[in-house]
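To start, the structure itself, in structure tokens.
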Amino acid sequence: MKGSGRRFAVGPSLALAPFLVFVTIFLFVPTVTVIVGAFQSDQGFTLDGIRYLGTKAAVEALKGSILLSASSAVVGAVIGALVAYVISSGKPDGLLRRGVIAVNGVLAQFGGVTLAFAFIASYALQGVVTVALRPTIDLYGSGWLFGLPGLTLVYTYFQIPLMVIVFLPALDGLRPQWREAALNLGATPRQYWLEVGIPLLRPAFLGSMLLLFANAFAAYATAAALIGQGAPITPLLIRQLFTSEVLLGGAGAAKALALEMVVVVALVMGAYAWLLRRTSRWLR
Amino acid sequence: MKRSRWLTLGVAAATTAMALAACAPPEKDKTDNTTSSGVDAAKATSVADFGTMDDLVKAAQAEGELNVIALPPDWANYGEIISAFEDKYGITVNSDQPDIGSQDEINTANQLKGTDQAPDVFDLGQAVALANTAMYAPYKVSTWDDIPDQFKDANGAWVNDYGGYMAIGWDSAKVPDITSLADLMKPEYKGKVALNGDPTTSGAAFSGVMMASIANGGSADDIAPGVEFFKKLNEAGNFLKVDPDSASIESGTTPVVIDWDYLGGAAAANVSTWKMIVPSDATLAGYYFQAINADAPHPAAARLWQEFLYSDEGQNLWLKGGARPVRADAMAEAGTIDTALWDALPPVTGTPVIPTDAQTTAAAEYLAKNWADAIS
Numbered sequence: 001m002k003g004s005g006r007r008f009a010v011g012p013s014l015a016l017a018p019f020l021v022f023v024t025i026f027l028f029v030p031t032v033t034v035i036v037g038a039f040q041s042d043q044g045f046t047l048d049g050i051r052y053l054g055t056k057a058a059v060e061a062l063k064g065s066i067l068l069s070a071s072s073a074v075v076g077a078v079i080g081a082l083v084a085y086v087i088s089s090g091k092p093d094g095l096l097r098r099g100v101i102a103v104n105g106v107l108a109q110f111g112g113v114t115l116a117f118a119f120i121a122s123y124a125l126q127g128v129v130t131v132a133l134r135p136t137i138d139l140y141g142s143g144w145l146f147g148l149p150g151l152t153l154v155y156t157y158f159q160i161p162l163m164v165i166v167f168l169p170a171l172d173g174l175r176p177q178w179r180e181a182a183l184n185l186g187a188t189p190r191q192y193w194l195e196v197g198i199p200l201l202r203p204a205f206l207g208s209m210l211l212l213f214a215n216a217f218a219a220y221a222t223a224a225a226l227i228g229q230g231a232p233i234t235p236l237l238i239r240q241l242f243t244s245e246v247l248l249g250g251a252g253a254a255k256a257l258a259l260e261m262v263v264v265v266a267l268v269m270g271a272y273a274w275l276l277r278r279t280s281r282w283l284r
Numbered sequence: 001m002k003r004s005r006w007l008t009l010g011v012a013a014a015t016t017a018m019a020l021a022a023c024a025p026p027e028k029d030k031t032d033n034t035t036s037s038g039v040d041a042a043k044a045t046s047v048a049d050f051g052t053m054d055d056l057v058k059a060a061q062a063e064g065e066l067n068v069i070a071l072p073p074d075w076a077n078y079g080e081i082i083s084a085f086e087d088k089y090g091i092t093v094n095s096d097q098p099d100i101g102s103q104d105e106i107n108t109a110n111q112l113k114g115t116d117q118a119p120d121v122f123d124l125g126q127a128v129a130l131a132n133t134a135m136y137a138p139y140k141v142s143t144w145d146d147i148p149d150q151f152k153d154a155n156g157a158w159v160n161d162y163g164g165y166m167a168i169g170w171d172s173a174k175v176p177d178i179t180s181l182a183d184l185m186k187p188e189y190k191g192k193v194a195l196n197g198d199p200t201t202s203g204a205a206f207s208g209v210m211m212a213s214i215a216n217g218g219s220a221d222d223i224a225p226g227v228e229f230f231k232k233l234n235e236a237g238n239f240l241k242v243d244p245d246s247a248s249i250e251s252g253t254t255p256v257v258i259d260w261d262y263l264g265g266a267a268a269a270n271v272s273t274w275k276m277i278v279p280s281d282a283t284l285a286g287y288y289f290q291a292i293n294a295d296a297p298h299p300a301a302a303r304l305w306q307e308f309l310y311s312d313e314g315q316n317l318w319l320k321g322g323a324r325p326v327r328a329d330a331m332a333e334a335g336t337i338d339t340a341l342w343d344a345l346p347p348v349t350g351t352p353v354i355p356t357d358a359q360t361t362a363a364a365e366y367l368a369k370n371w372a373d374a375i376s
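What follows is the structure in structure tokens.
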């Protein structure tokens, strides 16, 4: 009689080990450090860090973060979905599609200091575009680029490509047969979209938007490079608490803020996973 | 099936834990730091503990390296100071994270404690320096007596190293000349006035707000008028929320910068049209703090570095970066100061204000509550 197959297999678990080492070092340990640190001071257990989350600075920063993430996610999702639709209606292996996907793959990762610098070089006081338009339009104003409005614009720069990448598979899953079936049954194209296309795509669209939200919510380097004054969003407030040479002893509050961010992202990603399951029911 | 998968996971996790334990950093092998006169270099409080200056040099050269941290090459001429030290003593200087702030220096020292990567010496802003005195090894340089009492710790835990005055710098090719802080409210400076950092984070920016306060009826005890000044500046659309550096000054992104006179001057080294004033109605002075890390991996080199910084040569090198070295007065008297450089510093009138630690702490708390609102 052969083995039941329920026996413990050493081989596969060894193959899993590198992954677990990786996850332990880069996900598990930092998360636990943050959680423990949020409740710790020099004297031991404390709720001061958690209490800090209720202060005006922390609440305002959270509001700023949510506003920035939500607005850049909505703008990114709408424009990205339209771009994805244009691509999906083109030839499946055409030049347009391959070209746009390749470019989006690069741009979706083009965040951070480089992106901030690119915008400074283009739209700051002596930026190329600002200088070129100066005779007709005052593009610079009083420095909007270096506040939340500027940050929203800069974030959409990597949000739109990310939307294209994550939303395209959903659009591709929309089978032409469904459309033909609807039309054969006498539906107008408008009816098809309202009653078949959009309901089918809605979970994928909302899910992608949540992913974009989390993406913007967790972004740090772009904002850090662009904004030197104040802490309008939570990641910058964390930076301020950790590095301030004026206000000392903010590490506990910073870890509490980090915990708050972990919770927000966990909620968002939970909703994302739920929506993704609903999507995959139809679009396999 | 499910259970066996969890078992697999458990075993793998245990393997992981063991692998991690094996990865723990090795204990630092404790090298013998004892000097020829039988003193542990890490405990030496003056050159005499080593014997002579030559003995100190030999002990430092035996260590061969020095770890410094948070010393930007264009800050108070540190670039040249580091290479001068390397050339003179043949000791390699590892300059780590040149652009971080004072609190980061302390954070890094704590994180790297016990490794040979830890910083040997600190150069700190006042608040951070005074909050962490337990981390310093007391040491008195040979020129100790030249340093005025108000600029050093009686036990040698820390010594002020160089200082300067809060100044307004501007590119005269891009904006009209500035004679006082009040000028900055004019429409010509719309979106052009930058402060070196966020005052709730950066010591230099904090002093900028303090300067604005003094110019507007406040004092070292009352920073509120300074916050009010920046609030109005922001409402006028003149406040530029960019953290300026030499690149932003050179490219014209930050045509007006409020900063320490030595930093603004150094950052604008490549801008020939850069001008600077120390406002006569608000002369605010500030000094940085030098200290040796008690856990320095290179204790002798750390002490030699201090001797070098406080020698005539080191002090003149700071002066070359536009900073006012702490021994300047004694050196001026002894005729060892570089007079060309000394006379070239921006003129200062009025009695300088130097906020105390208590005043700084109180003002910082006020800023923490009110700054974000003022500039939003």
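Here the protein sequences line up with chains A and B, keeping their order. Per the numbering used here, residue 1 is the first one in the first sequence, and the count goes up by one each step. Per the numbering used here, residue 1 is the first one in the second sequence, and the count goes up by one each step. Virtual Cβ for every residue (Gly too), placed ideally from N, Cα, C. If you're wondering where the values come from, they're calculated on a predicted model, not measured in any experiment.
DSSP state of residue i, grouped into three classes?
i                  : result
Tyr-377 of chain B : This structure does not reach residue 377 of chain B, given that chain B is present from 1 up to 376, and the question cannot be answered.
Glu-245 of chain A : coil
Gly-164 of chain B : strand
Ser-88 of chain A  : helix
Gly-169 of chain B : strand
Asp-183 of chain B : helix
Lys-152 of chain B : strand
Leu-53 of chain A  : coil
Val-175 of chain B : coil
Cys-23 of chain B  : Its pLDDT being 46, under 50, Cys-23 of chain B is placed unreliably in this model, and the coordinates cannot settle the point.
Lys-30 of chain B  : Note that Lys-30 of chain B has pLDDT 43, beneath the 50 cutoff, so the model's placement of it is unreliable and the number below is only indicative. Three-state DSSP puts Lys-30 of chain B in coil, outside helix and strand.
Arg-175 of chain A : coil
Lys-113 of chain B : coil
Asp-55 of chain B  : helix
Ser-65 of chain A  : helix
Pro-72 of chain B  : coil
Val-32 of chain A  : helix
Gly-335 of chain B : coil
Ile-375 of chain B : coil
Should residue i go down as buried or exposed, given a rule of 16 or more other Cβ atoms within 10 Å for buried?
i                  : result
Glu-188 of chain B : exposed
Pro-161 of chain A : buried
Arg-134 of chain A : exposed
Lys-186 of chain B : exposed
Val-10 of chain A  : exposed
Gly-80 of chain A  : buried
Lys-152 of chain B : buried
Gln-111 of chain B : exposed
Asn-155 of chain B : exposed
Lys-2 of chain A   : Per-residue confidence for Lys-2 of chain A stands at a pLDDT of 48, beneath the threshold of 50, marking its modelled position as unreliable; no derived number is given.
Pro-347 of chain B : exposed
Asp-183 of chain B : buried
Ala-22 of chain B  : Note that Ala-22 of chain B scores a pLDDT of 44, beneath 50, so its modelled location is shaky; the value from the coordinates is reported in the next line. Answer is exposed; the Cβ neighbour count stays below 16.
Ala-137 of chain B : buried
Asp-29 of chain B  : Only weak support exists for where Asp-29 of chain B lies, its pLDDT of 42 falling under 50; the value from the coordinates is given anyway. Asp-29 of chain B should be labelled exposed.
Ala-374 of chain B : buried
Opposite residue i in the DSSP bridges: which residues?
i                  : result
Pro-325 of chain B : B:Tyr-162
Tyr-287 of chain B : B:Gly-163
Gln-40 of chain A  : A:Phe-45
Glu-65 of chain B  : B:Thr-92
Tyr-136 of chain B : B:Asn-293
Phe-217 of chain A : Bridge partners of Phe-217 of chain A: none, in fact.
Phe-85 of chain B  : DSSP, once it has assigned bridges, lists no residue as partnering Phe-85 of chain B.
Leu-384 of chain B : Because chain B is modelled from 1 through 376, residue 384 of chain B falls outside the range shown and cannot be assessed.
Val-193 of chain B : B:Phe-239 and B:Val-256
Asp-146 of chain B : Bridge partners of Asp-146 of chain B: none, in fact.
Val-353 of chain B : B:Leu-284
Pop quiz: residue i and residue j are said to be a contact at Cβ under 8 Å. What is the actual Cβ separation, rounded to whole angstroms?
i                  : j                  : result
Lys-173 of chain B : Thr-254 of chain B : The question names Lys, but residue 173 of chain B is Ala in the sequence shown. That pair is no contact at about 14 Å.
Tyr-288 of chain B : Asn-160 of chain B : 7 Å
Ser-207 of chain B : Leu-284 of chain B : 6 Å
Asn-216 of chain B : Pro-225 of chain B : 4 Å
Tyr-272 of chain A : Leu-201 of chain A : Contact flag wrong, Cβ pair sits at about 15 Å.
Tyr-139 of chain B : Ala-62 of chain B  : Contact flag wrong, Cβ pair sits at about 18 Å.
Ala-256 of chain A : Tyr-52 of chain A  : 6 Å
Ala-167 of chain B : Gly-264 of chain B : 6 Å
Compute every distance between the C-beta of residue i and the non-hydrogen atoms of the ligand PLP, then say whether any falls below 6 Å.
i                  : result
Pro-189 of chain A : The ligand content of the structure shown is nil, which means the ligand PLP is not present either.
| query | Can you list the alpha helix (DSSP H) stretches of 4 or more residues lying completely in the region 94-165 of chain A, in chain order? | reply | 95-107, 113-123 and 128-133
| task | Go through the region 212-296 of chain B residue by residue and report every complete run of the beta strand (DSSP E) that reaches 3 residues or more, in order. | result | 256-260, 274-277 and 285-293
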